[in-house]
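To start, the structure under review is shown below, and the notes come after it.
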Amino acid sequence: MNSRKEQMKEGEGNNSRNEANSGAWKFLWSQNTKQKLKHFIWKCLRGILPVNEVLKRRSGKGDERCVCYGEKTETLEHMLFFCRHAEMIWKAAPISWDGLQEFRHNFWLWWNCLMDAKERIQGRDYIVLTINILWQVWKSRNSIQFNREERCPEGIVKKAMMEWVEYQAVGSVDDLNRKSGDDKASNGGRWSPPPKGYRVGRGIVARKDDRGLIGAWAASDDKLGEPAVEEALAIRQGLHIAKEQGWRKVLIQFDCKGIVGKINVRKAEDPNTGVLIFDILKIRQDFTECSFFFIQREGNFVAHHLVKFAINLRNDFVWQESFPE
Ligand SMILES: [Zn+2]
């Protein structure tokens, strides 16, 4: 256990929601997510989110019990972590905060431990995704409480992922617009091969003609090929996805020039990528139209974001909207 956790254990029971902990507020407001979600977390941290226990305590009226078990008091922590619907959502989530399990009885402590994760690779992304999941847990609770309607946990997690991906997409376009003309603009989106022994991730983003997102896929692998092999694998997976979806016309954009060239001149004799390119050329024939283009890495920001995100995923992540004919 690290020192921060020790320190917080000691502080437990004191009024920990004080000004001395203003770091938690700064941390919250600095998150790259919707204002609505920050406000929700703020209410959780202040202990004013209207769960049944809070309502009963403040008004003296109503029933403090949780609607799902009936016998448990619906505290904030019960609702977010321990209630059956919450447990199922966390189980379906692609991330887990194992080190935080022991702090679930106190949301404030839990949140403070979560702050430690911001220094980890992609930690901030995971935190934002976690905020999206917490929000969906609350929405799921409301649906049970008010409509007696329980939603499927996998669907709820996908909704959280979708909102996260969409917000990242919008945010990154803003970033690019802000930074345009600046040489440093490309740094954020650059990908370099991870050191040996690391996992590699793949990120695939599907868009409609109007550039609206229709799907996102992220997966990670232990294997470490050269970047061209990883790119070819991603393209092959992308084509498989498009085929499964029944799309007839696809335009594949990616940022590995060498592979684009090889596919376009049907060159499959390279010992490393040859077999994959051969596969790609074969699957390509199943489409009415299938073309391959090179784009700058900056133009492919969301996919790259997903790649980095995918590396630490527990499960593969698939998100897609329903596809009308
Ligand atoms: Zn419950």
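Read in order, the letters of the sequence shown correspond to residues 1 to 325 in full-length UniProt numbering. Each residue gets a CB set at the ideal place from its N, CA and C atoms; glycine is no exception.
Open item on the list: Looking at ligand 1, does it come within less than 7 Å of GLU289, judged from the CB to the closest heavy atom?
Closed with: Flag unset: Cβ of GLU289 not near ligand 1.
Task: Best match in ASP255, GLU71, GLN31, GLY274 for proximity to ILE127 [C-alpha to C-alpha] - done: When only C-alpha atoms are compared, the closest one is GLN31.
Task: ILE95 in three-state terms, based on DSSP - done: Correct three-state label for ILE95: coil.
Task: Whole-angstrom C-beta distance between ILE41 and LEU55, which should lie under 8 Å - done: That belief does not hold up - the Cβ atoms of LEU55 and ILE41 are roughly 19 Å apart, past 8 Å.
TODO: Measure the Cβ-Cβ separation of GLN136 and LYS118 and say whether it is below 8 Å.
DONE: Taking 8 Å as the Cβ cut-off, GLN136 and LYS118 do not qualify as a contacting pair.
TODO: Give me the Cβ distance between SER140 and HIS85, rounded to the nearest whole Å; I'm assuming they're in contact under 8 Å.
DONE: 5 Å
Open item on the list: Suppose the cutoff is 8 Å on Cβ atoms and the five residues either side in sequence are ignored; what does the same chain contact list for LEU114 look like?
Closed with: TRP97, LEU100, ILE127, THR130
TODO: Using only the heavy atoms of ligand 1, determine whether one of them is closer than 7 Å to the beta carbon of GLU74.
DONE: Correct: GLU74 has its Cβ closer than 7 Å to ligand 1.
TODO: Using 10 angstroms around the beta-carbon of ASN132, count the other beta-carbons present and answer buried if the total reaches 16, otherwise exposed.
DONE: buried
TODO: Would you decide whether ILE295 is buried or exposed? Buried here means 16 or more other CB atoms lie within 10 Å of its CB.
DONE: exposed
Open item on the list: Can you determine whether any heavy atom of ligand 1 sits closer than 7 Å to the C-beta of ARG84, and answer yes or no?
Closed with: Set against 7 Å, the gap from the CB of ARG84 to the closest heavy atom of ligand 1 is smaller.
Open item on the list: Is CYS256 a contact residue of ligand 1, with contact defined as CB to any heavy atom under 7 Å?
Closed with: no
Task: 8 Å contact criterion, which ALA232 and ILE259 should meet: CB distance rounded - done: 6 Å
Open item on the list: Quick check on the DSSP output: the alpha helix (DSSP H) that includes SER291 runs from which residue to which?
Closed with: Looking at the DSSP string, SER291 is not in any alpha helix (DSSP H); the run it does join, the beta strand (DSSP E), is 289 to 294.
Task: Member of ARG151, GLN145, SER59, LEU49 whose CA lies at the smallest distance from the CA of GLU77 - done: LEU49
TODO: Tell whether a beta-carbon distance below 8 Å holds between LEU37 and TRP108.
DONE: no
TODO: May I have the straight-line CA-CA distance separating TRP138 from PHE81, to the nearest angstrom?
DONE: 10 Å
Task: Every unbroken alpha helix (DSSP H) inside the region 29 to 69 [4 residues or more] - done: 35 to 46, 52 to 59
Task: Per DSSP, cross-strand counterpart(s) of GLY203 - done: In DSSP, GLY203 forms a bridge with ALA218.
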